[in-house]
Each structure stands twice: as structure tokens, then as C-alpha cells.
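These notes are about the structure you will find just below.
Numbering (the working numbering), first residue to last: 74 to 210.
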């Protein structure tokens, strides 16, 4: 499974968990096609996003102008969560790749303004991550 497909499946699983409270393993079973198997990247992103959800939501809230995390649409919210997880915890993916992949998911599966909205929020998260990296070096 390539990473683009894994991101899509992760967002689908996160969406189901967010909406219905189903266990992520059950949601994953419901999401995968017959010929697909979950790889390490997919399960790591799902588990990690769920484990770090509170911190991710706090990070996102800092960059949501006049919005709350619960007001963000379910699809967009889970695309944002998955992307921020990657940006903060998956070191082998360049930050801009995570942002661009999230924007594409938003354009494909969110509302007509999702791509722009996701871009705006994640651009601010990206700037913050880049500043932290500069300070650490």
C-alpha cells in the first residue's frame, strides 16, 4: 500500500471512530478493500493520531481563527488530525509533503472550500514546526 492510499484509509478510519466511537481495528476492517492489507505506516498513523488526539487538537485550536475543533467538519477535522500527527511525529516525511497530501485529500473528499481551509490551518502549523526546528539547531 502506498502512503497516499494509506493516508486516505487512515482518514476514513479516523472519521468512523470520530463519528461512531467504533474501535479503530473494526473501522479498519470495514475500510480496507478485499485485496488490501494494512501496513505499518497505516496502523502507526491511526494509532498515533488517536493516542495524540488531545495534543493534536490543542495544536490545531491554536491555528483555527474564530473556529473550535468541534465546529470543523468531520472530514476536514480528521484530515487535519492525520496531517498534524505526521508533521509532529513521523520524521521521515518532509513537512510540506504532509501538508500537500492533506490539501489533496481535502479537495477530493471534503467540501468545496476544504482544500483552502486545510491549507490555511496547516500552513500555520508548518511555520510553527519550522520555527521549532530552527530553535533546536
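Every residue gets a Cβ at the ideal spot worked out from N, C-alpha and C, and that includes glycine. Model, not experiment: these values are computed from the prediction.
Quick one: what's got a C-beta closer than 6 angstroms to residue 80's C-beta in the same chain, skipping five residues either side? 174
Three-pair Cβ contact test at 8 angstroms for the region 135-149 versus the region 158-169: no
DSSP state of residue 121, grouped into three classes? helix
Identify the continuous alpha helix (DSSP H) that holds residue 74 and give its terminal residues. For residue 74, no alpha helix (DSSP H) encloses it, and the DSSP letter there is neither H nor E.
For the alpha helix (DSSP H) that residue 136 lies in, which residues bound it at each end? First-last for residue 136: undefined, no H or E at that position.
When we look at the beta-carbon of residue 101 and count the other beta-carbons within 10 Å, is it buried (16 or more) or exposed? buried
Cβ contact (3+ pairs, closer than 8 angstroms) linking the region 141-155 and the region 106-115: no
If we count the other Cβ atoms within 10 Å of its Cβ and call it buried at 16 or more, is residue 189 buried or exposed? exposed
Confirm, please, whether the CB-CB distance from residue 87 to residue 116 is below 8 angstroms. no
Which of helix, strand or coil does DSSP assign to residue 100? Three-state DSSP puts residue 100 in a helix.
Cβ neighbour criterion (16 or more within 10 Å) applied to residue 104: Burial call: buried.
Out of curiosity, what's the CA-to-CA distance linking residue 201 and residue 99? 35 angstroms
Confirm, please, whether the CB-CB distance from residue 164 to residue 118 is below 8 angstroms. no
Are the beta-carbon atoms of residue 178 and residue 199 separated by less than 8 angstroms? No, the Cβ-Cβ distance between residue 178 and residue 199 is not below 8 angstroms.
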